[in-house]
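Peer 1:
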Amino acid sequence: MGEFVGKVAIVTGASSGIGRASALAFAAAGANVVAADVDVAGGEETVRLIDAAGGTAVFQGADVSRVEEVDALVQRAVSEYGGLDVAFNNAGIEGTMAPVTECTLETWDRTIAVNLSGVFYAMRAEIPAMLDRGAGAIVNCASIAGLVGFPALPAYVASKHGVVGMTKSAALECATQGIRINALCPGVIDTPMVQRVTTDEEVKHAFEQAEPVHRFGRPEEMADVTLWLCSERASFVTGQAIAADGGWTAQ
Numbered sequence: 019m020g021e022f023v024g025k026v027a028i029v030t031g032a033s034s035g036i037g038r039a040s041a042l043a044f045a046a047a048g049a050n051v052v053a054a055d056v057d058v059a060g061g062e063e064t065v066r067l068i069d070a071a072g073g074t075a076v077f078q079g080a081d082v083s084r085v086e087e088v089d090a091l092v093q094r095a096v097s098e099y100g101g102l103d104v105a106f107n108n109a110g111i112e113g114t115m116a117p118v119t120e121c122t123l124e125t126w127d128r129t130i131a132v133n134l135s136g137v138f139y140a141m142r143a144e145i146p147a148m149l150d151r152g153a154g155a156i157v158n159c160a161s162i163a164g165l166v167g168f169p170a171l172p173a174y175v176a177s178k179h180g181v182v183g184m185t186k187s188a189a190l191e192c193a194t195q196g197i198r199i200n201a202l203c204p205g206v207i208d209t210p211m212v213q214r215v216t217t218d219e220e221v222k223h224a225f226e227q228a229e230p231v232h233r234f235g236r237p238e239e240m241a242d243v244t245l246w247l248c249s250e251r252a253s254f255v256t257g258q259a260i261a262a263d264g265g266w267t268a269q
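Take the position in the sequence shown, starting the count at 1, then add 18; the result is the number in the working numbering.
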């Protein structure tokens with residue numbers, strides 16, 4: 019395809035799932051990829067897969083809840099490849115399921131730190147780097163939980179709603195500066211995160227039936243939407259929360 023030849027892309031949460039699929043897709047489309055994650059082994063495996071497919075990538079360990087590590091990630095992209103053109107701020111955690119009255123402060127603080135503050139830290143560093151290039155595109159990974167509520171996931175739902183709101187604000191700030199910013203809102207996708215909560219076959223079946231298409235989404239399907247949002251084909255799309263959810267939020 020070659021749509022991103024000469025472009026530099028950051029993907030956080032790149033060790034597995036949607037992040038890995040997106041890092042592979044960006045590389046296959048010609049981008050120089052900086053794959054970031056706290057999971058060093060998984061992130062390095064993503065880079066090996068990219069190398070094996072003939073792409074170009076480096077791994078950068080980064081806990082997105084730590085601003086200095088996010089700043090170092092963006093600096094790595096600039097020093098390694100000369101700049102930054104696109105970013106997929108995908109890193110996230112689900113936290114421990116519990117109703118509001120039983121959600122621990124630890125779960126709340128950690129989930130907000132990774133899912134919401136992590137995206138803020140990322141955009142805070144990425145936007146200036148993109149302004150230096152004169153243009154750019156950012157996709158923040160939210161969730162259908164950024165569009166509708168789910169019981170027993172107060173921190174996760176709050177963090178993802180926050181990502182959607184912050185995406186809209188940042189998009190308006192950058193609208194005349196050549197940088198487009200959108201949020202991807204996946205439905206139930208077959209990733210390690212979802213697999214952790216669907217180990218029971220009955221629970222898995224219930225999740226599948228809750229999707230109008232009666233199946234889980236694939237990480238590669240989310241990568242396709244992400245690449246489109248970062249491409250010139252989406253040149254008039256900014257400030258949007260795009261639900262790629264098998265129809266879940268249409269119900």
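Just so it is clear, CB atoms sit at the ideal spot from N, CA and C, and this is done for glycine as well.
Excluding the five sequence neighbours on either side, which residues of its own chain have a C-beta within less than 8 Å of the C-beta of A262, listed in chain order?
Peer 2: Your numbering for residue 262 matches position 244 in the sequence shown. L202, C203, P204, G205, G235, E239, M240, V243, listed in sequence order.
Peer 1: Measure from the alpha carbon of A116 to the alpha carbon of each residue in P172, V157, R233, then state which is nearest.
Peer 2: As a working note, residue 116 is residue 98 in the sequence shown. Among P172, V157, R233, the Cα nearest to that of A116 is on P172.
Peer 1: Per DSSP, A78 forms a beta bridge with which residues?
Peer 2: For the purposes of this step, residue 78 is taken as residue 60 along the sequence shown, with counting starting at 1. Sequence check: residue 78 is Gln here, not Ala. According to DSSP, Q78 bridges with A54.
Peer 1: Measuring from the CB of G79, is there a heavy atom of the ligand FAD at a distance below 7 Å?
Peer 2: No copy of the ligand FAD occurs in the structure displayed, which carries no ligand at all.
Peer 1: Between which two residues does the alpha helix (DSSP H) holding G235 run?
Peer 2: Sequence index remark: in the sequence shown, residue 235 carries index 217 (1-based). Segment: none, G235 is in no alpha helix (DSSP H) and carries neither H nor E.
Peer 1: What first and last residue would you give for the alpha helix (DSSP H) that runs through I271?
Peer 2: The chain is shown only over 19 to 269; residue 271 falls outside these bounds and no answer can be derived.
Peer 1: Do three or more CB pairs link the stretch 80-87 to the stretch 120-134 at distances below 8 Å?
Peer 2: Yes: the two stretches touch, three or more of their Cβ pairs being nearer than 8 Å.
Peer 1: Report yes or no: do the stretch 86-98 and the stretch 184-204 share at least 3 C-beta pairs separated by less than 8 Å?
Peer 2: Output reads no: the stretch 184-204 does not touch the stretch 86-98.
Peer 1: Can you tell which of E220, E226, G61 has the C-alpha that lies nearest to the C-alpha of V14?
Peer 2: Residue 14 cannot be examined here, being either before or after the span of the chain that is shown, 19 to 269.
Peer 1: Could you have a look at C248 and say whether DSSP puts it in helix, strand or coil?
Peer 2: As a position in the sequence shown, residue 248 is number 230, starting the count at 1. Helix.
Peer 1: Which word fits G154, buried or exposed, when buried means at least 16 other C-beta atoms lie within 10 angstroms of its C-beta?
Peer 2: Sequence index remark: in the sequence shown, residue 154 carries index 136 (1-based). By the 10 Å Cβ count, G154 comes out buried.
Peer 1: Three or more C-beta pairs under 8 Å: does that hold for the stretch 218-225 against the stretch 173-184?
Peer 2: Result no; under three Cβ-Cβ pairs closer than 8 Å.
Peer 1: From what residue to what residue does the beta strand (DSSP E) around I260 run?
Peer 2: In the sequence shown, the residue the question calls residue 260 occupies position 242. Counting along the chain, the beta strand (DSSP E) containing I260 begins and ends at 259-262.
Peer 1: Hey, F44 and F77: beta-carbon distance below 8 Å or not?
Peer 2: Position 26 of the sequence shown, counting from 1, holds the residue named residue 44. Position 59 of the sequence shown, counting from 1, holds the residue named residue 77. It is not a contact, given that the beta carbons lie outside the stated cut-off.
Peer 1: Report yes if the CB atom of R38 is closer than 8 Å to the CB atom of T64, and no otherwise.
Peer 2: One-based indexing of the sequence shown puts residue 38 at position 20. One-based indexing of the sequence shown puts residue 64 at position 46. For R38 and T64, yes; Cβs fall inside 8 Å.
Peer 1: Mark A170 as exposed unless 16 or more other C-beta atoms lie within 10 angstroms of its C-beta, in which case mark it buried.
Peer 2: As a first step, residue 170 must be located in the sequence shown, where it is residue number 152. When all chains shown are included, A170 counts as exposed.
Peer 1: Within a Cβ cutoff of 8 Å, which residues of the same chain sit near T167, ignoring the five residues on either side of it in sequence?
Peer 2: On the sequence shown, residue 167 is found 149 positions in, with the first residue counted as 1. Before going on, a small fix: residue 167 reads as Gly here, not Thr. These residues qualify, in order along the chain: V175.
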